[in-house]
Amino acid sequence: MRDETAEWITQAEYDIDTAKAMFKAGRYMYCVFMSHLAIEKSLKAIVVECLGEAPPKTHNLIYLLKLCKVELSDSQVRFIAQLNTAAVATRYPDELKMLIEQYPSSIAEKYLENAREVVKCLKQQVS
1211 MRDETAEWIT QAEYDIDTAK AMFKAGRYMY CVFMSHLAIE KSLKAIVVEC LGEAPPKTHN
1271 LIYLLKLCKV ELSDSQVRFI AQLNTAAVAT RYPDELKMLI EQYPSSIAEK YLENAREVVK
1331 CLKQQVS
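In the numbering used here, the protein residues as written are 1211 to 1337.
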């Protein structure tokens, strides 16, 4: 594993731990945001490892997914697509109250669980 790949993975794991902390703190919108960030960094690790170059500066998970061959289940790919749409809303919130309602505990918990599985799966592919 390249040193840069390992750094992306380390940051992804830190971000998924932060997502968990945000969930425990009741900050569900930020749990979703950090879940996105953890997957983004995991995908960037894959890009570094497979292409041997710095990943593009993008937050688009679908774009990153298409850059290299990645082994994910159909449900994981669907989740990534769903999480991809949440990223803009949580990154640039227009109305905090609406976002808090959109991402209650039950949704954030599912996102966190799915994100943890995706990060784990992606990490295994570069190890």
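No residue lacks a Cβ here, since even glycine has one placed at the ideal position from N, Cα and C.
Residue j beta carbon less than 8 Å from that of residue i
i, j, result
"I1219", "K1333", "yes"
"D1227", "L1247", "no"
Secondary structure of residue i, DSSP reduced to three states
i, result
"D1304", "coil"
"T1228", "helix"
"H1269", "coil"
"M1244", "helix"
"E1223", "helix"
"V1257", "helix"
Alpha carbon of residue i to alpha carbon of residue j, nearest angstrom
i, j, result
"R1212", "L1253", "14 Å"
"S1316", "Y1273", "28 Å"
"E1281", "E1305", "36 Å"
Nonlocal neighbours in the same chain, by C-beta distance under 7 Å from residue i, ignoring five residues either side
i, result
"E1319", "F1233"
"M1239", "T1300, L1309, I1310 and Y1313"
"K1278", "Checking the sequence shown, residue 1278 turns out to be Cys, not Lys. Cβ within range, chain order: I1256, V1257, C1260 and L1261."
"A1297", "H1246 and H1269"
"A1229", "C1241, M1244, S1245, A1248, L1322 and A1325"
Spatially closest choice to residue i from the options, by CA coordinates
i, options, result
"I1249", "G1236, G1262, A1235 and T1268", "T1268"
"M1244", "C1260, V1258, E1223 and A1255", "E1223"
"R1285", "C1241, K1230 and E1327", "Note that residue 1285 is Ser in the sequence shown here, rather than Arg. Looking at the Cα atoms, E1327 is the closest of the given residues."
6 Å CB neighbourhood of residue i in its chain, flanking five on each side removed
i, result
"T1215", "A1255, V1258, E1259 and V1336"
"L1293", "H1246"
Neighbourhood of residue i by C-beta distance below 8 Å, restricted to the same chain and skipping five residues each side
i, result
"Q1339", "Because the chain is modelled from 1211 through 1337, residue 1339 falls outside the range shown and cannot be assessed."
"A1291", "L1271 and I1272"
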